[in-house]
Ligand SMILES: [Zn+2]
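Numbering (my numbering), first residue to last: 1 to 556.
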């Protein structure tokens, strides 16, 4: 080959490389110098362009929203896997990344699109170890309800126009994981959790306002009811390692999610709530790993996309490097949970009420504030930021422990009339059985007089409060009654959903109709309804010894 020909070939090669590089699409945020964020249609266009350009992804939709928009689910894999069974057979770890559940908090969506593009290029190696599921725009109805950022997201630092928190049914999707009323929740339970069973989930948010010195804050699953192994691995191994990596490699300070009650005189750094209504806590109850990511709302949009991106990349690097360990911890959690439910291992006492727990006094960086001399509508002094930071040493209340606990029962019974609850449990992937003959045994019941309805409404529900004073008594459960065993890998989730005194389905009113009660002036028993003396959910001391039929699919 002549030098000229070689140079020509080299030039052609370089030109083709440049052309190939140019075919990868850019995001709306990148094209607008981080002045704008993508609409759902623009997310779809980006994903289609990426796929057409040869990225190792398949784009589908896990369902439709209330307004009929697609809920994009991207599977990044190399070689391609098209089903959860193929993913399992490949031996790769399945990771699920979710953006935009609160649709004004938009940097997760933009960062995920960039990560997907990088998985086609420089970070393709990650797909040797991982199958990566991505829902970049988990709340399309909220996303497309664009309004000024000041209106939809308070003092979040851009972009100018963002969507709203709630979905098309006006539900907060990050309170919906138990009751699963939103089409987005139902779709993800069915098409992601109960099928792909991701080993690790990451939920991307933006903080709500406390002025601190971290570009991003994070949390592991916080409900101590969940199997301990996976949660403690995230809490004690993975997150501290990620914090060090983000600092060392990117000079990005990150720390546990929290807020201070009084920013001028901070007493403690307090995380949010342990309830499984929240996605990350919910995944912990399933015995899987999960991470909450909250980019700092006062950092500008470009910085928030960058730090969220960097955090995601390092989470993926960590998961790829520890894939075997993660899988082993989760298998052990499944095994242990099923043994406890069966009574073959000691049945644990599990929380129904919680109190914050401190990890110890830690140095925490806060922005210094000065009083404006003004007061808020509630009479509290107003402050303004100074741009200066200080380190305070205060208790880091970044976890929860039980303040009231109950022993895990062998399972729960509820009547044939609550078939809708059986369907909901099935949607969660929980095994539900029906008695084919009556079963008489000593069970634990709660008197109906122990039940009150809270006066205020939350997410369209008057929440139910149960003060459980259990009575052990002989009862006959008729044929057709449902039994849900805790001797299954999701046994801890069964407790969280069905323990009457907890924060599960009783509290959300799933059994209200069977209670026959009416809220308000006519509180008490209603004409025409049965005379209910006991809560229709009871605790089993042992599994029934009569024939039972396991529910499969949509069967009831
Ligand atoms: Zn949020």
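Note that CB positions come from ideal geometry on N, CA and C, so glycine has one too.
(request) Quick one: which unbroken alpha helix (DSSP H) runs of 4-plus residues sit fully inside the stretch 196-270? Chain order, please. (result) Listed in chain order, they are 228-232, 239-250.
(request) Give the straight-line distance between the Cα atoms of residue 411 and residue 356, rounded to the nearest whole angstrom. (result) C-alpha of residue 411 to C-alpha of residue 356: approximately 28 Å in a straight line.
(message) Assuming contact is defined by CB atoms lying nearer than 7 Å, are residue 112 and residue 136 in contact in what I supplied?
(response) Yes, they are a contact pair.
(request) Run the CB neighbour count on residue 478, radius 10 Å, all protein chains shown included, and call it buried at 16 or more, exposed below. (result) The residue in question, residue 478, is exposed, as its Cβ has fewer than 16 Cβ neighbours within 10 Å.
(request) Grab the span of the alpha helix (DSSP H) containing residue 84 for me, first residue to last. (result) 84-90 is the extent of the alpha helix (DSSP H) around residue 84.
(request) Just the C-alpha distance for residue 232 and residue 130, rounded to the nearest angstrom, thanks. (result) Counting only the Cα atoms, residue 130 lies some 22 Å from residue 232.
(message) DSSP three-state label for residue 449, please.
(response) DSSP, read as helix, strand or coil, puts residue 449 in helix.
(message) Within a Cβ cutoff of 7 Å, which residues of the same chain sit near residue 213, ignoring the five residues on either side of it in sequence?
(response) The residues are 253, 365, 366, 367, 389.
(request) For the beta strand (DSSP E) containing residue 598, list its first residue and its last residue. (result) Only positions 1 to 556 of the chain appear in this structure, which leaves residue 598 out of reach.
(request) State yes or no: is the C-beta of residue 105 nearer than 6 Å to some heavy atom of ligand 1? (result) Correct: residue 105 has its Cβ closer than 6 Å to ligand 1.
(message) On the DSSP letters alone, give me the boundaries of the beta strand (DSSP E) that residue 402 sits inside.
(response) For residue 402, the enclosing beta strand (DSSP E) has its first and last residue at 399-407.
(message) Would you say the beta carbon of residue 298 is closer than 6 Å to some non-hydrogen atom of ligand 1?
(response) It does not: the Cβ of residue 298 is nowhere closer than 6 Å to a heavy atom of ligand 1.
(message) Is any non-hydrogen atom of ligand 1 found closer than 6 Å to the C-beta of residue 309, if you look at the structure I gave you?
(response) Relative to ligand 1, even the nearest heavy atom lies 6 Å or more away from the CB of residue 309.
(message) Give me, in chain order, the residues of the same chain whose beta-carbon lies closer than 6 Å to that of residue 458; leave out the 5 immediate sequence neighbours on both sides.
(response) Contacts found: none.
(message) Taking contact to mean 3 or more Cβ pairs, one atom from each stretch, closer than 8 Å, check whether the stretch 539-548 and the stretch 432-439 are in contact.
(response) Contact between the stretch 539-548 and the stretch 432-439 is present, with at least three C-beta pairs closer than 8 Å.
(message) So, with DSSP's three-state summary, where would you put residue 109?
(response) The answer is helix: DSSP assigns residue 109 an H, G or I state.
(message) Measuring alpha carbon to alpha carbon, tell me which residue in 34, 552, 193, 240 is nearest residue 314.
(response) The shortest C-alpha separation from residue 314 is found at 240.
(message) Quick check: the Cα distance between residue 304 and residue 400, rounded to an integer number of angstroms?
(response) Computed Cα separation, rounded: 28 Å.
(message) Does the beta-carbon of residue 322, which I'm using as the reference point, lie nearer than 6 Å to any heavy atom of ligand 1?
(response) Residue 322: no, Cβ never under 6 Å from ligand 1.
(request) Give a yes or no on whether the C-beta atoms belonging to residue 501 and residue 466 are separated by under 7 Å. (result) Contact flag set, yes.
(request) Specify, as a first and last residue, the run of the beta strand (DSSP E) that residue 308 falls within. (result) First-last for residue 308: 301-321, but that is the alpha helix (DSSP H), not the beta strand (DSSP E).
(request) Measure the CB-CB distance between residue 409 and residue 496 and report whether it falls below 7 Å. (result) Going by C-beta atoms, residue 409 is not nearer than 7 Å to residue 496.
(request) Report whether the distance from the Cβ of residue 205 to the nearest heavy atom of ligand 1 is below 6 Å. (result) Result yes, Cβ under 6 Å from ligand 1.
(message) Give me, in chain order, the residues of the same chain whose beta-carbon lies closer than 7 Å to that of residue 47; leave out the 5 immediate sequence neighbours on both sides.
(response) For residue 47, where only same-chain residues beyond five positions count, the Cβ hits under 7 Å are 59, 72, 74.
(message) Taking the straight line between their C-alpha atoms, what separation do you get for residue 380 and residue 397?
(response) Distance between the alpha carbons of residue 380 and residue 397: 24 Å.
(request) Label residue 264 either buried or exposed according to how many other C-beta atoms from any shown protein chain fall within 10 Å of its C-beta, with 16 as the threshold for buried. (result) Burial call: exposed.
(message) Starting from residue 26, trace the beta strand (DSSP E) in both directions and tell me its first and last residue.
(response) It is not in any beta strand (DSSP E) - residue 26 carries neither H nor E in the DSSP assignment.
(request) Taking only heavy atoms of ligand 1 into account, decide whether any of them is closer than 6 Å to the Cβ of residue 456. (result) No, the Cβ of residue 456 stays beyond 6 Å of every heavy atom of ligand 1.
(request) Return yes when the Cβ of residue 79 is within less than 7 Å of the Cβ of residue 50, no when it is not. (result) No, the pair does not count as a contact, with Cβ atoms beyond the cut-off.
(message) Check this for me: beta carbons of residue 141 and residue 168, under 7 Å apart or not?
(response) Against a cut-off of 7 Å, the Cβ pair of residue 168 and residue 141 comes out as a contact.
(request) Compute the beta-carbon to beta-carbon distance between residue 184 and residue 65, rounded to the nearest angstrom, for a pair I have assumed lies under 8 Å. (result) So it is a contact: roughly 6 Å between Cβ atoms.
(request) Check residue 495 in the structure and name its three-state DSSP category. (result) Three-state DSSP puts residue 495 in a helix.
(message) For a test of your reading of the model: does the CB of residue 102 fall under 6 Å from any non-hydrogen atom of ligand 1? Yes or no.
(response) Checking the Cβ of residue 102 against ligand 1 gives yes.
(message) Can you list, in chain order, the residues of its chain with a C-beta nearer than 6 Å to that of residue 268? Leave out the 5 residues immediately preceding and following it.
(response) The answer, listed in chain order, is 394, 395, 397.
(request) Kindly list the residues whose CB is nearer than 6 Å to the CB of residue 487, restricted to its own chain and excluding five residues on each side of it in sequence; keep chain order. (result) So the list reads 338, 341, 342, once near-sequence residues are dropped.
(message) For a minimum of 4 consecutive residues, which ranges assigned as the alpha helix (DSSP H) are wholly contained in the stretch 408-468?
(response) Secondary structure remark: continuous alpha helix (DSSP H) runs of at least 4 residues inside the stretch 408-468, in chain order: 419-427.
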